[in-house]
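The sequence shown begins at 5 in this note's numbering and counts up one residue at a time.
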Amino acid sequence: MRTVVAVDWSEQSFNAVKVVCRLFTHESLTLIHAVDLRPFENPLFAQPLGRNSAGAMREAMVAAGERLLDQTGSLVPVTIPSIQRVYKIGNPAPVVLEAIRSAHADLVAVGSRGRGRLAELVLGSVSHRVVLHAPCAALLVREDPGSIRRVLLAVEGYENSVRLRSWLSTHRFSRPIELSLSTVVPTIPIGDSTMEFRYDKWTAEMDQYARQLVDETAAALRTMYPAVTAQVEHGDPAHCITQAAGHADLVIVGSHGWRGLEHFLLGSVSHAVLHNVTCPILVLR
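The following block contains the structure:
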């Protein structure tokens with residue numbers, strides 16, 4: 005696996021390095037750190053400091069970035085055949101995305117401080133922009149759970165199932181895992197009693213579809229991961245998956261749009277999971 009890890013001085017970033025190294029076997033791993041020096045080019049910032057002070061701060065940030073790459077590099081196992089440390093000056097999110105493309109990466113790992121939805125809306129988030137726009141799978145890490153054994157896989161329709169199975173068959177976990185598959189049939193409030201018969205029929209059809217989906221997915225994955233269980237839940241999809249994630253060491257979700265029957269099954273829960281789950285999250289495309 006070709007992997008890129010975006011690093012900064014946050015604890016979550018160091019956790020991302022440790023978790024991604026533990027999860028998979030890597031053919032190559034690139035640590036990248038980007039420093040945004042644009043504030044020092046703004047006269048409102050630079051002039052009060054004076055040219056010399058602003059220059060000294062720029063030099064200090066560059067030196068700190070090089071130390072960061074040394075420290076995070078010390079967490080990477082020496083058994084990985086190719087380890088690169090890349091330092092760039094520029095807007096972090098575009099720099100990281102370009103590094104992903106240049107490395108032809110299969111996976112990017114980032115730490116997330118978990119700012120919350122309002123702060124992300126106003127300020128943006130480098131980690132969430134990378135997850136959103138990366139052309140490959142993305143691992144978002146807040147906490148380091150230590151040993152990763154219990155893995156929750158949110159299955160969101162047949163197209164999504166095929167994509168998840170393909171990725172997991174190509175990129176195996178480095179250690180044994182217990183894989184729990186889950187899909188959710190949403191409950192829809194019925195205000196008109198005359199609609200109950202149609203609703204019951206729709207629910208029965210959805211239950212059958214959901215059960216067939218998770219059973220077929222589980223059967224395919226058992227050839228690679230023997231410890232696989234499957235379940236169908238009812239309720240709000242985002243809430244159900246988020247609650248189930250409380251018992252997992254890692255959550256896997258897909259990231260794409262859903263239409264028709266598959267949209268009613270689960271809908272796009274990825275956004276809710278990214279904001280509400282504290283364990284590592286693997287977003288597959």
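Backbone N, C-alpha and C fix where the C-beta goes; we use that ideal spot for every residue, glycine too. All values reported here derive from a predicted model rather than from experimental measurement.
Return the Cβ separation of residue i and residue j in integer angstroms, given the expectation that the two are a contact with Cβ distance under 8 Å.
| i | j | result |
| --- | --- | --- |
| residue 18 | residue 177 | About 21 Å separates the two Cβ atoms, so there is no contact after all. |
| residue 184 | residue 233 | 5 Å |
| residue 106 | residue 31 | That belief does not hold up - the Cβ atoms of residue 106 and residue 31 are roughly 15 Å apart, past 8 Å. |
| residue 62 | residue 41 | 6 Å |
Consider the Cβ of residue i: report whether some Cβ of chain C lies at a distance smaller than 8 Å.
| i | result |
| --- | --- |
| residue 80 | The structure shown contains no chain C; it is built from a single protein chain. |
Would you call residue i buried or exposed, if buried means 16 or more other Cβ atoms sit within 10 Å of its Cβ?
| i | result |
| --- | --- |
| residue 112 | buried |
| residue 70 | exposed |
| residue 187 | buried |
| residue 160 | buried |
| residue 82 | exposed |
| residue 76 | buried |
| residue 363 | Nothing about residue 363 can be read from this structure; the chain reaches only from 5 to 289. |
| residue 173 | exposed |
| residue 239 | exposed |
| residue 258 | buried |
| residue 142 | buried |
| residue 64 | exposed |
| residue 60 | exposed |
| residue 208 | exposed |
Would you say residue i and residue j are within 8 Å of each other, going by their C-beta atoms?
| i | j | result |
| --- | --- | --- |
| residue 74 | residue 152 | no |
| residue 273 | residue 97 | no |
| residue 109 | residue 6 | yes |
| residue 285 | residue 236 | no |
| residue 16 | residue 146 | yes |
| residue 251 | residue 169 | no |
| residue 66 | residue 33 | no |
| residue 79 | residue 140 | no |
| residue 156 | residue 248 | yes |
| residue 288 | residue 167 | yes |
| residue 227 | residue 280 | no |
| residue 93 | residue 130 | no |
| residue 181 | residue 229 | yes |
| residue 225 | residue 132 | no |
Which same chain residues, not among the five before or five after residue i, have their C-beta less than 7 Å away from its C-beta?
| i | result |
| --- | --- |
| residue 101 | 134, 137, 138 |
| residue 37 | 11, 12, 69, 72, 73, 91 |
| residue 148 | 19, 22, 23 |
| residue 14 | 115, 117 |
| residue 4 | The chain is shown only over 5 to 289; residue 4 falls outside these bounds and no answer can be derived. |
| residue 244 | 188, 237 |
If you reduce the DSSP assignment to three classes, tell me which class residue i lands in.
| i | result |
| --- | --- |
| residue 27 | helix |
| residue 182 | strand |
| residue 2 | As shown, the chain starts at 5 and ends at 289. That puts residue 2 outside it, with no answer to give. |
| residue 89 | strand |
| residue 147 | coil |
| residue 104 | helix |
| residue 115 | strand |
| residue 187 | strand |
| residue 69 | helix |
| residue 168 | helix |
Tell me which residues share the same chain as residue i and place their Cβ nearer than 6 Å to its Cβ, disregarding the 5 neighbours each side in the sequence.
| i | result |
| --- | --- |
| residue 84 | 30, 33 |
| residue 210 | 189 |
| residue 222 | 185, 232, 234 |
| residue 282 | 146, 147 |
With a CB to CB cut of under 8 Å and the five nearest residues on each side skipped, what residues in its chain are close to residue i?
| i | result |
| --- | --- |
| residue 218 | 159, 185, 186, 187, 234, 235, 236 |
| residue 205 | none |
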